[in-house]
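For the record, in the sequence shown the residue sitting at position 8 is 8 according to the UniProt record's numbering, with numbers rising by one throughout.
In this text, a Cβ means the ideal position worked out from N, Cα and C, and glycines have one as well.
Please read all numbers here as calculations on a predicted model, not as lab measurements.
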Amino acid sequence: MQPDATDKKILELLQQNAQLTIKEIASRINLSVTPVHERIRKMEREGFIDRYVCLLNRRKLGKSLLVYCHVTLDKQRKESFEDFNQAVTGMQEVLECSVVSGNFDYMLKVVVEDAEAYNQFYQLKLSALKSVLHISSYFVISEIKYTTGIPVR
């Protein structure tokens with residue numbers, strides 16, 4: 001199944017505000033409630049809608065420092081990747097972790113209160129992992145664009 005134009009409109013609306021009721025979505029796309037409900041359920045079943053979440057303001061929660069980390073492992077072995085993957089999954093400071101190609105193995109998106117909190121995270125958690133050879137940290141000064149919306153059209 002591939003989403004048609006109507007499905008894509010529904011997905012866009014849900015990305016903008018997942019709290020919209022089916023009735024509100026139906027009125028915005030000029031469709032009745034039942035087909036909108038059926039389309040949403042189908043997209044959930046098919047995996048186009050992964051989950052519904054609430055996006056928090058990290059600054060209001062005292063997490064004002066955003067850091068990107070490039071991590072290089074000591075050995076390019078399956079065990080090293082598995083150990084790192086397991087460890088980083090349990091680190092609440094890490095919002096995102098991706099295996100990448102290029103000069104390093106992983107890119108992490110880390111959020112903490114301040115530089116001291118990052119230093120603690122860096123020393124006690126990230127650099128303490130046996131498989132880590134090198135870490136480069138990039139402190140975000142200003143966010144120009146921030147979105148979680150995926151283009152669907």
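Using beta-carbon positions only, say whether residue i and residue j come within less than 8 Å of one another.
i: VAL67; j: PHE139; result: yes
i: VAL71; j: PHE104; result: yes
i: CYS54; j: LEU108; result: no
i: LEU11; j: VAL110; result: no
i: ILE40; j: LYS9; result: no
i: MET1; j: GLU46; result: yes
Alpha carbon to alpha carbon, how far is residue j from residue i? Give it in angstroms, no decimals.
i: ARG58; j: SER64; result: 6 Å
i: residue 182; j: TYR122; result: The chain is shown only over 1 to 153; residue 182 falls outside these bounds and no answer can be derived.
i: PRO3; j: ALA128; result: 45 Å
i: LEU126; j: GLN120; result: 9 Å
i: THR21; j: GLU79; result: 46 Å
i: residue 164; j: GLN19; result: Residue 164 lies beyond the residue range present for the chain, which begins at 1 and ends at 153; the question has no answer from this structure.
i: VAL99; j: SER32; result: 43 Å
Grouping DSSP H, G and I as helix and E and B as strand, with all else coil, what is residue i?
i: LEU43; result: Before going further, note that residue 43 is Met rather than Leu in the sequence given. Here MET43 sits in helix by DSSP.
i: TYR118; result: helix
i: SER98; result: strand
i: PHE139; result: strand
i: LEU55; result: coil
i: VAL132; result: strand
i: PRO35; result: helix
Shortest alpha-carbon distance to residue i belongs to which of the options?
i: VAL132; options: ALA87, ILE144, ILE141; result: ALA87
i: THR147; options: THR6, TYR52, GLN16, LYS130; result: GLN16
i: ASN85; options: ASP74, TYR106, GLY102, LYS75; result: TYR106
i: ASP7; options: PRO35, LYS60, ILE144, ILE135; result: PRO35
i: GLN92; options: ASP74, ASP83, ALA117, LYS42; result: ALA117
i: ILE135; options: LEU73, THR89, SER98, LEU124; result: LEU73
Looking at the secondary structure, which residues open and close the beta strand (DSSP E) in which residue i lies?
i: LEU65; result: 65–73
i: VAL110; result: 106–112
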